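To start, the structure itself, in structure tokens.
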């Protein structure tokens with residue numbers, strides 16, 4: 009990749025598993041080392057996640073579909089997405105999940121797209137180019 013093709017922007021990554029967040033962060037920065045990353049890991053309420061994202065004002069949000077405090081079931085990252093879209097409806101949000109069975113719910117809740125839990129560089133690059 010030539011220097012003029014490198015990506016630049018701000019990406020927020022919200023995932024309950026720190027190691028997966030760091031892996032995503034490394035992958036994003038491999039396309040553009042100047043890209044700024046906000047990592048939200050651990051457990052936070054949907055309102056807290058929305059506040060973190062609003063303060064950071066990213067160009068793109070990668071949100072784990074299973075992310076949120078007190079929501080141990082898969083698919084409960086949707087409340088965080090709903091809160092984020094209330095304050096920033098134009099923010100591009102891509103849901104990251106282990107299974108496609110929740111894709112419809114994510115898109116109905118306002119996600120702009122969907123990535124599998126095991127994100128590859130091949131899948132991530134066109135998404136980053138679209139939003140950064």
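In the numbering used here, the protein residues as written are 9 to 140. Every residue gets a Cβ at the ideal spot worked out from N, C-alpha and C, and that includes glycine. Keep in mind it's a predicted model, so treat the numbers as computed, not measured.
Other residues of its chain near residue i: CB distance less than 7 Å, five sequence neighbours each side excluded
i	result
residue 120	100, 101 and 102
residue 139	67, 68 and 100
Residues that DSSP places opposite residue i in a beta bridge
i	result
residue 20	46 and 69
residue 123	104
N- and C-terminal bounds of the alpha helix (DSSP H) containing residue i
i	result
residue 29	26-39
residue 88	86-95
residue 117	Residue 117 -> no alpha helix (DSSP H), and no H or E assigned at all.
residue 136	129-139
Residues near residue i in its chain [Cβ-Cβ closer than 8 Å; skip 5 each side]
i	result
residue 131	123 and 124
Contact check, residue i vs residue j, beta carbons under 9 Å
i	j	result
residue 70	residue 32	yes
residue 134	residue 72	no
residue 150	residue 22	Only positions 9 to 140 of the chain appear in the structure, and residue 150 is not among them; the question remains open.
residue 26	residue 54	no
residue 115	residue 36	no
residue 96	residue 85	no
Contacting residues, own chain, Cβ-Cβ under 6 Å from residue i (five flanking each side not counted)
i	result
residue 44	18
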